[in-house]
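**Q** This is the structure I have questions about; it appears just below.
In our numbering, the protein residues as written are -1 to 55.
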């Protein structure tokens, strides 16, 4: 389960928003927020896995 900050981090990463990523990482460094930088968007992973299964058919 991703936090709001992790969802924002993923959104910034998907859209190439370097400034947004930097702000979130700086808040993590200052220990103002907890962000798992290895988080994954579970819904995108599930749909991607589903798409890959259809490609192999």
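Heads up, the beta-carbon is just placed ideally off N, CA and C, and yes, glycines get one too.
If you run the structure through DSSP and keep just helix, strand and coil, what is residue 32?
**A** Working through the chain shown from its first residue, we reach residue 32 at position 34. Looking at residue 32 - three-state DSSP - the assignment turns out to be coil, as it is neither helix nor strand.
**Q** Can you look up residue 17 in the DSSP assignment and give me helix, strand or coil?
**A** Working through the chain shown from its first residue, we reach residue 17 at position 19. If DSSP states are grouped into helix, strand and coil, residue 17 belongs with the helices.
**Q** Using the C-alpha atoms, what's the distance from residue 8 back to residue 31?
**A** Working through the chain shown from its first residue, we reach residue 31 at position 33. Working through the chain shown from its first residue, we reach residue 8 at position 10. The straight-line gap from Cα to Cα measures roughly 15 angstroms.
**Q** Could you tell me which of 28, 22, 36 sits nearest to residue 3, measuring between CA atoms?
**A** For the purposes of this step, residue 3 is identified with residue 5 of the chain shown, where counting begins at 1. The option with the nearest alpha carbon to residue 3 is 22.
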